[in-house]
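To start, the structure under review is shown below, and the notes come after it.
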Amino acid sequence: DAKTTQPTSMDCAEGRAANLPCNHSTISGNEYVYWYRQIHSQGPQYIIHGLKNNETNEMASLIITEDRKSSTLILPHATLRDTAVYYCIVRVAAYNNNDMRFGAGTRLTVKP
Amino acid sequence: DAGVTQSPTHLIKTRGQQVTLRCSPKSGHDTVSWYQQALGQGPQFIFQYYEEEERQRGNFPDRFSGHQFPNYSSELNVNALLLGDSALYLCASSLLGRADNEQFFGPGTRLTVL
């Protein structure tokens, strides 16, 4: 699976949009981009995933560049409860592949 | 609808001992994966169970073994515990059959090896 590169940490003001970048320059055509987050002392929580089109759900938006070498997770109106470690993962799209390669992630701190 | 549950929440063992951790998947899910998360690091994939068999395995020694029961619940066993096995052990469940299937994680079991 392709590796990802994320900034170690980021700050965001409460109520503002949080834009978390991820570089996955060696991504293959059959690999999805997934985002999970982990709030302190809890298990990771699924946020969103995509293949090549931009995606939006009730939690966030995922913007994938046309060449698929990078993506951005957008939390439109960050709250204090969004403070967490955010993981960007690329994973081969296969029905029997559950090997999620987590990196160190980005520690997002939302400040009042 | 219960999510993924794990037991126990915390566990303290000494070097050389054996430990068994348990996981019940989210209702409707048939696949269970286990991850190890050391302090300050992201989770590392240990293995995946489907139809009561190990289907995928990460880079972990044979001291790590597992089992899946007919009701889809699962156990993780670690033998001959080392200090380095101290970590948060996470269970994730999913439904086999979709290429982009998302995994739902439990709260984890915190294992401390003294």
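Chains L and B supply the protein sequences, listed in that same order.
Heads up: the first sequence is residues 25 to 136, going by our numbering.
Heads up: the second sequence is residues 3 to 116, going by our numbering.
No residue lacks a Cβ here, since even glycine has one placed at the ideal position from N, Cα and C.
Computed from a predicted model, the values in this text were never measured in an experiment.
request  = Indicate whether at least one CB of chain L lies closer than 8 angstroms to the CB of R57 (chain B).
outcome  = Using a Cβ-Cβ cut-off of 8 angstroms, R57 (chain B) counts as an interface residue toward chain L, since at least one Cβ of chain L sits closer than that to its own.
task = Give the DSSP-derived three-state secondary structure of D87 (chain B) in the structure shown.
result = Residue state, collapsed to three classes: helix.
key: Interface positions of the segment 97-115 of chain B facing chain L (Cβ-Cβ less than 9 angstroms), listed along the chain   = Taking 9 angstroms as the Cβ-Cβ cut-off against chain L, the residues of the segment 97-115 of chain B that qualify are L98, G99, R100, A101, D102, N103, E104, Q105, F106, F107, G108, P109, G110, R112.
ask   = Where do the N-terminal and C-terminal ends of the beta strand (DSSP E) with G68 (chain B) fall, by residue?
value = Element bounds for G68 (chain B): 66-70.
query = If you draw a straight line from the C-alpha of A37 (chain L) to the C-alpha of A102 (chain L), how long is it?
reply = Near 7 angstroms, if we compare the C-alpha coordinates of A102 (chain L) and A37 (chain L).
query = Given that a residue counts as buried once 16 or more other Cβ atoms are within 10 Å of its Cβ, and exposed if not, what is F106 (chain B)?
reply = With 16 or more other Cβ atoms within 10 Å, it is buried.
inquiry  = Among the candidates L:G129, L:I87, L:N121, whose CA atom is the shortest distance from the CA of E56 (chain B)?
reply    = The residue with the shortest Cα to Cα distance from E56 (chain B) is L:N121.
request  = Kindly indicate which three-state DSSP category L97 (chain L) falls into: helix, strand or coil?
outcome  = L97 (chain L) falls in the strand class under three-state DSSP.
Closer than 8 angstroms to chain L by CB, P45 (chain B) = So, interface residue.
Expected contact under 8 angstroms - CB spacing of I113 (chain L) and Y58 (chain L) to nearest Å = Separation of the CB atoms of I113 (chain L) and Y58 (chain L) is rounded to 5 angstroms, and the pair is thereby assigned contact status at 8 angstroms.
request  = Specify whether the segment 54-68 of chain L and the segment 78-97 of chain L touch according to this definition: at least 3 beta carbon pairs, one from each stretch, less than 8 angstroms apart.
outcome  = Output reads yes: the segment 78-97 of chain L touches the segment 54-68 of chain L.
query = Can a CB atom of chain L be found closer than 8 angstroms to the CB of L92 (chain B)?
reply = At least one chain L Cβ lies under 8 angstroms of L92 (chain B).
Interface flag, G30 (chain B) vs chain L, CB-CB below 8 angstroms = Chain L, which has no Cβ nearer than 8 angstroms to the Cβ of G30 (chain B), makes this no.
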